[in-house]
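Engineer:
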Amino acid sequence: MNRIALLFPCLLAFTASAQTVLTGRVTDQKGHGLPGANVMLRGTYDGTSTDSTGAFRFSTSRKDTATLFVSYIGYEPDTREITIGPGPTTIRLNESANELNTVVVTAGVFEASDSKRMTMLKPMDIVTTAGAGADITSVMNLLPGTQRVGDQTGLFVRGGSGEEAKVVIDGMIVQNPFFSQSPNLQSRGRFQPFMFKGTSFSTGGYSAQYGQALSSVLLLNTTDQNQNEGLGVSINLANTGLNYDHATANASISATAHYGNLKPLFALVPQNIDWTHVPEFGGGSLTYRLQTSKTGMLKLYSMYSNSQTGLNFVDPGSESGKTAFNQQNRNFFTTSTYTDSWGNGTWQLLSGLSYSHDTDATAYGTQDFGRGTDRLQGRFVLTRALGGKLGNQLLFGTEGNRVTYRNAVSGTAYSLVDAYGAVFFESQVYAGRKLAIQSGVRGEYSSAINRFNLAPRISMAYKTGLYSQVSLAYGQFYQTPDYRYLYRNTTLSYERADHLILNYQLIKNKRTFRIETYYKNYAQLVREFTGPNMTLGPYDANPYRFPWGQTNSTGYGYAKGFDLFWRDQATIKGLDYWITYSFVDSKRLFQQFPTLATPSFISNHNIALIGKRYFEKISTNMGLTYTISTGRPYYNPTNPVFMADRTPTVTNLSFMASHLTHIGKNLTILYASVDNILNTRNVYTYLYTPARADGPAPTRYAVGPASYRSFFVGGIVMLSRKAKVNAREL
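Going left to right, the sequence shown walks through residues -18 to -1, 1 to 712 as mature numbering (1 follows the signal peptide of the UniProt record, and there is no 0) numbers them.
1. Under a three-way DSSP split, which group does A112 fall into?
2. What's the gap between the Cα of A390 and the Cα of T135?
3. Using CA atoms only, rank isn't needed, just tell me which of Y486, G422, L474 is closest to Y449.
4. Helix, strand or coil, according to DSSP, for E426 in the structure here?
5. Can you have a look at D227 and say buried or exposed, based on whether 16 or more other CB atoms are within 10 angstroms of its CB?
6. Rank R628, D133, K594 by C-alpha distance to the C-alpha of M638 and give the top, closest one.
7. Should the region 600 to 613 be called in touch with the region 142 to 160, which here means at least 3 C-beta pairs below 8 Å?
8. On the DSSP bridge assignment, give the partners of L4 in chain order.
9. For the region 183 to 248, list the beta strand (DSSP E) runs that are entirely contained and at least 3 residues long, ordered along the chain.
10. Among all the DSSP beta bridges, which residues are the ones paired with S692?
11. From the DSSP output, in three-state form, read off L454 for me.
12. Does the pairing of the region 332 to 339 with the region 351 to 370 give three or more beta-carbon distances under 8 Å?
13. Where F694 and A654 are concerned, what is the direct C-alpha to C-alpha distance, given to the nearest angstrom?
14. For residue 713, write down the residues that DSSP places opposite it in a beta bridge.
15. Quick check on this structure: which residue in S287, L701, N524 has the alpha carbon closest to the alpha carbon of S300?
16. Of the residues L244, W560, G6, which one's Cα is nearest the Cα of residue 727?
17. Quick one: any contact between the region 666 to 680 and the region 181 to 192, if contact means 3 or more CB pairs under 8 Å?
18. Starting from M122, trace the alpha helix (DSSP H) in both directions and tell me its first and last residue.
19. Cα separation between F434 and G425?
20. By the three-class DSSP mapping on this structure, what secondary structure does I600 have?
21. Report buried or exposed for G696, applying the criterion of at least 16 other Cβ atoms within 10 angstroms of its Cβ.
22. Could you round the C-beta distance between F575 and V508 to whole angstroms and report it? I think they count as a contact, below 8 Å.
23. Indicate the three-state DSSP secondary structure (helix, strand or coil) for R466 in the structure shown.
24. With distances taken between CB atoms, is the gap from Y444 to L417 smaller than 7 Å?
25. Whether or not the region 515 to 524 and the region 463 to 479 are in contact is what I'm after, with contact meaning three or more pairs of Cβ atoms, one per stretch, closer than 8 Å; do they touch?
26. Using 8 Å as the cut-off, can you tell me whether the region 313 to 322 makes contact with the region 277 to 287, which would need three or more C-beta pairs spanning the two stretches below that distance?
27. Bridge partners of N20, per DSSP?
28. Excluding the 5 residues preceding and the 5 following V3 in the sequence, name in chain order all residues of the same chain whose CB lies nearer than 6 Å to its CB.
29. Give me the residue from K45, R44, T9, D340 with the minimum Cα distance to S31.
30. Taking the C-alpha atoms as reference points, what is the distance between N243 and I118?
31. Does chain D have any CB closer than 7 Å to the CB of Y559?
32. Could you name the residues of the same chain whose beta carbon sits closer than 8 Å to that of L304, not counting the 5 residues immediately before and after it, in chain order?
33. Find the nearest neighbour of N374 within the set N621, Q410, S302, judged by alpha-carbon distance.
34. Of all the beta strand (DSSP E) runs that stay within the bounds of the region 528 to 607, which reach a length of 3 or more residues?
35. Where R384 and N503 are concerned, what is the direct C-alpha to C-alpha distance, given to the nearest angstrom?
36. Taking three-plus beta-carbon pairs below 8 Å as touching, is the region 164 to 180 in contact with the region 494 to 502?
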């Protein structure tokens, strides 16, 4: 589905907040402002970092009183009870005898939250990054450690496939976080950035609270109060959307509805795809939040979407070179969570219940396919702060899932039920202000394979200077094999990956430098044998084939490399730019592979340059993104060396701009973007006609993007007179 087409419903979230705004300043005993101090409310995710003058400003849904926690490098932390209100609060910190403040474990984690000092991105960064189409996962793919795979859907992290990353909302697994994929086309994520107040992206070594992901988890925390008030309308070439929000003192409700059809947009942007039914989609969402007490919060969220698409895609195996594809998808996701704390934040509770349903009705040539999944999940987590000023704590939790898989292939029905459960324990201990240790263990059971696993994990961080630290992480991670293999063989083992990560990070004066090196060892991967008696048959490069061969868990592999990240918000006034670089070397013996080889989703070198600048006089923000990805392997049946060929390097230069104005008395946002400004003829992979002993040599077909250069313009009119927008963040 077109990324830009879904941008405008995201931008409706720019309207006014109904939350209470806390302001103040953090200083030393002489009254000098302390920039970069961490300010947060205990028992919540609400908080921020102070600016260059020591001032802070953030929103909260808490009422009456709360516990404010403030910390800064080289100073004693401050904890105090405050009355929630609009007046400013001044906090004077005492200098610590030790120059180093509390260390923070960061190995493998990039965060996008105003409540963390280690902030890398904010939700607004996601919307305003050129070339990402306001898609959360697309922006994550610009961070180091990720792969940009234009013809496949998912998060590809440090040598991992798209199935090795999980998306989690408020602790609850999202079964189908992406729109259904069409052949050779990448699909975007289903969720809008402004649903969330915090985004934490782990590229490895993640917490024992989460599992069933060999490579990565993307953790999304929803807002405690709606950010809008009133009605917003979006009309553009691709879709029409309505957004209504209302808040009272203790509750809020948000509702959205949208309908989209890309035919008008495709009429202006030349397409490389032979569309028979241009993408058409519709749906809506409903969110309800209730402040049950000073510390309690109940959230209910439900979303429904329906989409349909049809095309004739490049298929070298067919006589005409193309095959007809039509698909209709229906998706429903609902989740409810309750959070609370007591004892001034000493105890914290998170409980949740979620249900997801997703179905695809697909016509592939002359064959009909059906696919469906249902997941019911419950989760309970209890955290105990151990006292003191350093933040030692213990965490206990459990979760239960019942997942039902269904497929219909050429008239044959398959089904599988997996009752999956987990218990986990994690501790965070500070050995003074220089050393932090986070250790945990996770136990899991899957009824589908009738196996149990135990996964230990540990992370350590050591403060090396006033603004720098090093981190080390190790952990074992398990994942149940692809359910399509389990239809035929339930004796398979868990797939396993061991992570070892070393990280150095320096944050000073609105500049961030980070380097991280890693090694991942894969074991117990599924291998498929299509020949008789567990022997290898001819390799089938069709990524949409249904596995029918015999399988076992003897596969293995590795991934190793390093990542660099640099962000500068200070050198040039008004300019915010990032530079990221990732190197990965990875090989596997898995699936149908006849030998250890690099998979098709691996690009050894990935570079991203992202720049944004706000022009205050004209209330306009502009951004550029330039990405480089070296060639990926592809299967060439004429080359005796398996997966030895490489595609050309893929490059992309994108531009975006947003402008704040008024139409009458209504606040209006105008938006424009251009993807692939240079009109580069990128190639994602190659496909070949089948090799025949008595026939001509196989013919090669290139697979590229749906369009080479694309553009989009549009606007949003906010009908609420209370609407406010921070133009610097557009």
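Backbone N, C-alpha and C define an ideal beta-carbon position, used for all residues, glycine too.
Structural biologist: Let me lay it out:
1. In the sequence shown, residue 112 corresponds to position 130, counting from 1. Coil, per DSSP.
2. Stepping through the sequence shown from its first residue, residue 390 is reached at position 408. Stepping through the sequence shown from its first residue, residue 135 is reached at position 153. Approximately 22 Å, taken between the alpha carbons.
3. In the sequence shown, residue 449 corresponds to position 467, counting from 1. Of the listed residues, the one whose Cα sits closest to Y449 is Y486.
4. Counting from one through the sequence shown, the residue named residue 426 turns up at place 444. For E426, the three-state secondary structure derived from DSSP is strand.
5. By one-based count along the sequence shown, residue 227 stands at place 245. D227 is buried by the Cβ-count criterion.
6. Indexing the sequence shown from 1 puts residue 638 at position 656. The residue with the shortest Cα to Cα distance from M638 is K594.
7. no
8. Locating residue 4 in the sequence shown gives position 22, where the first residue counts as 1. In DSSP, L4 forms a bridge with F40.
9. 198 to 204, 212 to 218, 221 to 229, 233 to 243
10. Taking the first residue of the sequence shown as position 1, residue 692 is located at position 710. Per DSSP, D657.
11. Position 472 of the sequence shown, counted from the start, is the residue given in the question as residue 454. Three-state result, L454: strand.
12. yes
13. Numbered from its first residue, the sequence shown carries residue 694 at position 712. Numbered from its first residue, the sequence shown carries residue 654 at position 672. Cα to Cα, F694 sits roughly 6 Å from A654.
14. The chain is shown only over -18 to 712; residue 713 falls outside these bounds and no answer can be derived.
15. Residue 300 sits at position 318 when you count from the first residue of the sequence shown. Comparing Cα positions, the closest option is N524.
16. Past the edges of the chain, shown from -18 to 712, lies residue 727, and the structure says nothing about it.
17. no
18. Taking the sequence shown and counting its residues from 1, one reaches residue 122 at position 140. 118 to 122 is the extent of the alpha helix (DSSP H) around M122.
19. Counted from its first residue, the sequence shown places residue 434 at position 452. Counted from its first residue, the sequence shown places residue 425 at position 443. Spanning the two alpha carbons is a distance of roughly 7 Å.
20. Looking up residue 600 in the sequence shown gives position 618. I600 falls in the helix class under three-state DSSP.
21. In the sequence shown, counting from the first residue as 1, residue 696 sits at position 714. Burial call: buried.
22. Position 593 of the sequence shown, counted from the first residue, corresponds to residue 575. Position 526 of the sequence shown, counted from the first residue, corresponds to residue 508. F575 to V508, Cβ: 11 Å. No contact.
23. As a working note, residue 466 is residue 484 in the sequence shown. Of the three classes helix, strand and coil, the one that applies to R466 here is helix, per DSSP.
24. Along the sequence shown, one-based indexing puts residue 444 at 462. Along the sequence shown, one-based indexing puts residue 417 at 435. Yes. Within cutoff.
25. Remark: fewer than three beta-carbon pairs, one from each stretch, lie closer than 8 Å, so the region 463 to 479 and the region 515 to 524 are not flagged as touching.
26. yes
27. Stepping through the sequence shown from its first residue, residue 20 is reached at position 38. In DSSP, N20 forms a bridge with S31, S53.
28. Here residue 3 is taken as the residue at index 21 of the sequence shown, counted from 1. Excluding sequence neighbours, V3 sits near S41.
29. Along the sequence shown, one-based indexing puts residue 31 at 49. Measuring from the Cα of S31, the nearest candidate turns out to be T9.
30. Residue mapping note: residue 243 aligns to position 261 of the sequence shown, counting from 1. Residue mapping note: residue 118 aligns to position 136 of the sequence shown, counting from 1. If I take the Cα positions, the gap works out to 22 Å.
31. Reference to chain D is not applicable here, since this structure consists of a single protein chain.
32. Counted from its first residue, the sequence shown places residue 304 at position 322. According to the sequence displayed, residue 304 carries Lys and not Leu. D256, N294, F295, V296, D297, listed in sequence order.
33. Here residue 374 refers to the residue found at position 392 of the sequence shown. Selected option, being the one with the closest Cα: Q410.
34. 532 to 550, 557 to 571, 587 to 597
35. In the sequence shown, residue 384 corresponds to position 402, counting from 1. In the sequence shown, residue 503 corresponds to position 521, counting from 1. When rounded, the distance between both Cα atoms is 29 Å.
36. no
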